[in-house]
Amino acid sequence: MHSPVLINKDILSTKNLNKQELLAILKAASCMEKLVTEKGVCPMLTDTLIAFLFLEPSTRTRLSFEAAAERLGAKTISVADAGSSSILKGESLSDMVKVVAGYADCIVLRQSAMGLAETVAGQIAIPLINAGDGHGQHPTQALLDLYTISKELGKLESLKIALVGDLKYGRTVHSLCYALLPFQPEFVFCAPKDLYMPSAITNDLKSKGVCITEVESLEQALQADVLYMTRIQKERFPDQKQYELLKGSFVLKKELVLQQNKDVLILHPLPRVDEIDTHVDELPRAAYFRQAHNGMYVRMALLAMVLGKDIPGL
Amino acid sequence: MHSPVLINKDILSTKNLNKQELLAILKAASCMEKLVTEKGVCPMLTDTLIAFLFLEPSTRTRLSFEAAAERLGAKTISVADAGSSSILKGESLSDMVKVVAGYADCIVLRQSAMGLAETVAGQIAIPLINAGDGHGQHPTQALLDLYTISKELGKLESLKIALVGDLKYGRTVHSLCYALLPFQPEFVFCAPKDLYMPSAITNDLKSKGVCITEVESLEQALQADVLYMTRIQKERFPDQKQYELLKGSFVLKKELVLQQNKDVLILHPLPRVDEIDTHVDELPRAAYFRQAHNGMYVRMALLAMVLGKDIPGL
Amino acid sequence: MHSPVLINKDILSTKNLNKQELLAILKAASCMEKLVTEKGVCPMLTDTLIAFLFLEPSTRTRLSFEAAAERLGAKTISVADAGSSSILKGESLSDMVKVVAGYADCIVLRQSAMGLAETVAGQIAIPLINAGDGHGQHPTQALLDLYTISKELGKLESLKIALVGDLKYGRTVHSLCYALLPFQPEFVFCAPKDLYMPSAITNDLKSKGVCITEVESLEQALQADVLYMTRIQKERFPDQKQYELLKGSFVLKKELVLQQNKDVLILHPLPRVDEIDTHVDELPRAAYFRQAHNGMYVRMALLAMVLGKDIPGL
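Protein chains in written order, with my numbering: chain Y, 4 to 317; chain F, 4 to 317; chain B, 4 to 317.
Shown next, in the form of structure tokens:
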């Protein structure tokens with residue numbers, strides 16, 4: 004008998020997941036959704052303690068992960084403080100993670116230093132899930148995006164995906180590009196000049212045969228199967244006037260969608276500020292709240308899989 | 004068979020609860036108290052996840068609610084941060100509640116904008132319990148007050164209730180007035196001039212036939228069945244000297260109670276600062292700590308009821 | 004039948020625990036470690052609610068305690084906010100603890116006022132565990148130190164223990180001295196001049212027949228069975244230059260250990276800053292991470308014991 008997919012594996016980046024693993028996660032998430040809908044809970048981690056270390060503010064991701072663990076019947080401990088500096092008080096993150104690895108069976112870590120999740124994962128014996136590391140990776144967001152696309156459109160192969168907004172610092176879009184890579188995607192990038200997708204990523208994707216178009220307007224970006232909107236953070240612009248000028252060009256309105264492409268699937272990792280007008284919510288293909296809800300099922304799947312549980316229905 | 008009282012209902016204000024519902028809540032709370040006393044727990048919500056969103060500081064109310072959920076065996080997720088601004092980061096509360104409604108089966112919400120609890124409750128499919136909305140309503144506090152009065156005095160009908168302190172901004176007294184309304188109360192209001200009960204509430208109560216007296220001293224207020232003390236917050240007074248002058252007149256001392264009316268039931272929503280001298284705690288009718296404890300049973304009752312559970316013994 | 008050891012007892016200081024109780028705690032901790040290793044959980048507190056009131060920042064101790072409660076299947080409620088002032092808002096700690104005692108079956112309290120844990124424990128009917136009170140006591144840390152020494156060295160009697168660093172303000176070393184007292188210890192104190200062990204403690208220990216040596220260098224301190232390192236906090240020194248001078252003399256390096264005494268057991272309550280070089284971690288007798296892990300088992304033992312549970316295997 005082969006051992007379960009992903010057992011004891013760290014989830015650090017979507018780059019480390021192959022197609023078989025990605026599909027297994029989506030299938031497991033689907034099983035979880037079915038179980039929660041039918042019974043409310045799936046008590047398969049009742050002998051397990053999961054530690055949530057959120058050293059950077061992230062209420063939504065934390066609640067989604069904790070809801071996932073709770074629905075699985077896991078025991079939980081949490082650090083939910085934004086002020087990581089006051090938590091660590093000079094202690095290295097590495098020491099802290101080693102200590103917590105002695106209490107828990109799995110660690111979910113959010114912190115601000117790119118690449119640090121990978122380093123500390125190598126120092127402990129239990130699986131670690133990266134819940135966002137600075138401008139680096141946010142693999143569980145990408146996996147829930149994948150699950151949402153698959154569920155809403157019925158397929159993942161050969162889709163045209165437009166990514167809009169802050170493509171430079173947005174770790175969710177970086178992770179999503181790599182999560183989609185095994186499914187022959189075509190990408191459309193639409194970003195303000197100072198927030199282009201890093202050329203390292205663009206070149207890497209192109210070298211793997213991905214077709215990438217760069218466009219300048221939402222009208223053009225809307226000519227796709229999926230429109231993935233992201234927030235443009237004011238703080239990214241040294242010149243606030245430039246921000247105000249740009250902002251308007253990247254606000255999605257209901258009328259524009261209806262004019263240009265009413266069938267486009269609209270996603271957003273949330274929170275939104277004003278880049279999606281609330282009237283867009285009325286469109287049947289505006290899926291960002293369903294997308295957020297899917298996060299719980301995908302995280303249930305990941306927790307159960309890295310902890311080696313058999314998932315009923317898988 | 005009729006459906007259970009309050010099933011799937013939002014608990015937003017005591018104004019929305021009729022006499023039958025109020026009595027059902029008190030009876031359910033009594034069942035809960037009996038079950039906890041006998042067995043420690045009542046695992047009737049083991050398939051349920053409750054989200055606590057406390058976006059305004061409120062340690063005591065949050066702990067009471069979470070203890071209630073835990074004693075019922077519910078799964079829980081929590082936001083306990085005082086700094087709601089940093090949590091929301093420009094996101095609307097409405098978006099946040101919609102996201103969390105995808106994870107949870109019930110939301111308990113504390114936030115600072117009067118009336119906003121009602122708005123967001125209308126946007127989600129799961130029940131929402133208002134745990135305090137600014138200067139608006141705090142229905143669960145009023146319900147535990149009601150439960151305490153009923154338990155301590157053995158009746159609710161035709162009581163003379165003196166409300167003392169900040170009647171202008173104190174949401175607990177506003178909610179309590181309406182919770183008592185179906186039980187033919189007589190009210191005595193005792194407040195500093197700048198902190199009178201809002202005339203909209205006084206007039207509304209009078210129009211419903213309630214007898215209201217306004218008095219100026221604690222001596223007069225003590226001539227009642229129940230003395231409900233509240234905190235006067237320094238910040239309410241533009242002139243700090245006026246605050247210092249007034250404060251003294253609204254401090255309850257043990258001697259005064261013994262002189263004026265040793266049978267009066269003394270309540271306070273807590274936290275107190277110095278408006279009840281600690282020697283008052285020695286009086287058998289000083290019930291504010293028992294009142295706080297009752298909060299857990301009342302909140303257990305509400306959670307079980309809105310989630311449609313049959314309560315053993317009800 | 005005699006009643007279980009420690010049932011309903013407060014755990015306030017290691018001074019209050021006799022040898023029989025200390026040995027019972029160590030034995031119970033050992034049972035807990037065995038149970039967790041075999042089954043992950045020991046669901047013996049499923050009908051119990053434990054309140055964690057951490058009014059002073061202490062992520063590590065809080066997580067260890069909460070992990071202990073969770074592994075025992077207890078229900079939990081928590082205050083994890085550093086900002087105790089904002090929590091209490093003028094309310095006395097005494098009032099707050101009385102309120103929470105109405106929700107919970109046991110309280111674990113961390114706060115900054117020496118001796119206050121004892122005062123409030125006397126005001127409530129449920130057991131209270133002191134998780135650190137300012138510069139006073141930190142009994143559960145001392146108990147996990149004891150458990151670690153016993154486990155690592157196979158005995159507790161007649162050991163030579165060197166305590167290094169801030170012996171003046173370090174509550175963990177104060178508690179540890181008294182926890183070791185029944186086991187004929189010999190102490191070596193090694194501290195900067197301004198951070199000597201308080202003479203009240205030194206004299207008290209001497210009057211009880213304990214042999215105490217004071218040394219000035221790590222080389223000398225290393226001539227012991229156990230080297231217990233602690234952090235020297237910069238803030239303790241009015242003159243920062245003096246701190247910088249001193250600091251270097253109290254940094255443990257791998258080479259020094261190998262030269263002086265490779266068999267010494269190296270402990271530290273964590274977090275460390277730089278007083279133990281990370282290369283020391285490579286030594287087999289560097290036990291501080293195992294020491295931290297042991298905290299969970301010791302706290303499981305204490306929670307189960309004060310709540311009167313029979314511990315399987317004890």
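Heads up, the beta-carbon is just placed ideally off N, CA and C, and yes, glycines get one too.
Sequence-ordered contacts of the segment 255 to 283 of chain Y with chain F read 273, 274, 275, 276, 277, 281 [C-beta pairs closer than 9 Å].
When the five nearest sequence neighbours on each side are left out, the beta carbons in the same chain lying within less than 8 Å of the beta carbon of residue 182 of chain Y are those of 17, 20, 25, 142, 145, 146, 148, 149, in order along the chain. Closer than 8 Å to the CB of residue 190 of chain B there is not a single CB belonging to chain Y. Neighbourhood of residue 296 of chain F in chain B, by CB distance below 8 Å: 102, 105, 106, in chain order. Note on residue 203 of chain Y: under 16 other CB atoms within 10 angstroms of its CB, so exposed under the neighbour-count rule. CA-CA distance, residue 209 of chain F to residue 114 of chain B, rounds to 48 Å. Neighbours of residue 69 of chain F in chain B, taken as residues whose beta carbon is under 7 Å from its own, are 80 in chain order.
Between the segment 28 to 43 of chain F and the segment 294 to 312 of chain F, the count of Cβ pairs shorter than 8 Å is three or higher; the stretches touch. When the Cα atoms are used, residue 97 of chain F and residue 118 of chain F turn out to be separated by approximately 13 Å. Where residue 113 of chain F is concerned, the enclosing beta strand (DSSP E) starts and stops at 109 to 114.
For residue 160 of chain B, the secondary structure class from DSSP, reduced to helix, strand or coil, is coil. Contact between residue 263 of chain B and residue 219 of chain B is ruled out by a C-beta separation of about 15 Å, above the 8 Å threshold. With respect to the 8 Å criterion, residue 120 of chain B and residue 9 of chain B are not classified as neighbours on the basis of their beta carbons. For the segment 42 to 76 of chain F, the set of positions with a beta-carbon nearer than 7 Å to some beta-carbon of chain B reads 42, 43, 44, 60, 62, 63, 66, 67, 69, 70, 73, 74 in chain order. Under a criterion of Cβ atoms nearer than 9 Å, the residues of chain F adjacent to residue 292 of chain Y are, in order, 98, 101, 102, 104, 105. At a cut-off of 8 Å between beta-carbon atoms, residue 299 of chain B makes contact with chain Y.
Closest in C-alpha terms to residue 53 of chain B, from the list B/36, B/78, B/44, comes B/78. Out of B/236, B/71, B/298, B/258, the CA that lies nearest to the CA of residue 250 of chain B is found in B/236. In this structure, DSSP gives residue 68 of chain Y a helical state, which the three-state scheme calls helix. In the structure shown, the three-state DSSP call for residue 78 of chain F is strand. The straight-line gap separating the alpha-carbon atoms of residue 39 of chain F and residue 106 of chain Y is approximately 30 Å. For residue 207 of chain F, the secondary structure class from DSSP, reduced to helix, strand or coil, is helix. By a beta-carbon distance limit of 8 Å, residue 260 of chain Y contacts residue 283 of chain Y. Their separation comes to about 7 Å. CA-CA distance, residue 292 of chain F to residue 65 of chain Y, rounds to 34 Å. Residue 136 of chain Y: member of the beta strand (DSSP E) spanning 131 to 136, first to last residue.
Secondary structure note for residue 54 of chain F: its beta strand (DSSP E) is the uninterrupted segment 52 to 57. The residues 234, in chain order, have a CB closer than 7 Å to that of residue 276 of chain Y in the same chain once the five nearest residues on each side in sequence are set aside. When C-alpha distances from residue 69 of chain B are compared across B/140, B/185, B/231, B/110, the shortest belongs to B/110.
Residue nearest to residue 160 of chain B within the set B/290, B/217, B/189 is B/189 (criterion: CA-CA distance). As DSSP reads the structure, residue 216 of chain Y sits in a beta bridge with Y/191. Taking the Cα positions, residue 248 of chain Y is about 45 Å away from residue 12 of chain Y. Beta-bridge analysis with DSSP links residue 269 of chain B to B/230, B/289. Rounded to whole angstroms, residue 58 of chain F and residue 285 of chain Y show a C-alpha spacing of 27 Å.
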